[in-house]
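Report on the following structure.
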Amino acid sequence: PQGGCPSPCSLSWPVSLQSDSLVVCDVDPALTEKLRKFRFRKETNNAAILMKIDKERQLVVLEEEFQVGTFHSFLPATFGKPSSVK
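All letters in the sequence shown, in the order written, are residues 8 to 93 by this note's numbering.
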């Protein structure tokens, strides 16, 4: 468009955008090690790592770690049972 931002279709990739207020966070070394172990773990259960940004320290840190054997614990007790609809 004339005089405005280019349409998304007219952008050529890779697009390089610059910002004067860009703040880059480091990753907590303990979290880096935990992520490495998580990535290469042998277990086949479901798991997740929740991270957060500590704004004061500008650091990505571990918020919580989840390990679940199956998703059945999240499902209602009636899930998967035949309904008694007549």
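Ideal Cβ placement from N, Cα and C applies to all residues, glycine included. All values derive from a computational prediction rather than experimental measurement.
Item to complete: Locate the beta strand (DSSP E) running through Asp40, then write down its first and last residues.
Response: According to the sequence as given, residue 40 is Glu; it is not Asp. Taken as a continuous stretch (DSSP letters only), Glu40 belongs to no beta strand (DSSP E), being part of the alpha helix (DSSP H) at Pro36 to Arg46.
Item to complete: With a cut-off of 8 Å on the beta carbons, I'd call Leu38 and Val68 a contact; round off their distance for me.
Response: 6 Å
Worksheet entry | Length of the line joining the Cα atoms of Leu18 and Leu29 | Note on Leu18: pLDDT 47, under 50, position unreliable in the model; the coordinate value appears next. Approximately 22 Å, taken between the alpha carbons.
Worksheet entry | Boundaries of the beta strand (DSSP E) in which Lys59 is found, first to last residue | Asn53 to Asp61
Worksheet item: Run through DSSP, which three-state label would Val31 get?
Response: coil
Worksheet item: Cα separation between Glu70 and Ile56?
Response: 8 Å
Worksheet item: Taking the C-alpha atoms as reference points, what is the distance between Pro36 and Val75?
Response: 25 Å
Discussion item. Helix, strand or coil, according to DSSP, for Glu50 in the structure here?
Written reply: coil
Discussion item. Can you tell me whether Gln100 is helix, strand or coil according to DSSP?
Written reply: Any property of residue 100 remains undetermined from this structure, which presents the chain solely from 8 to 93.
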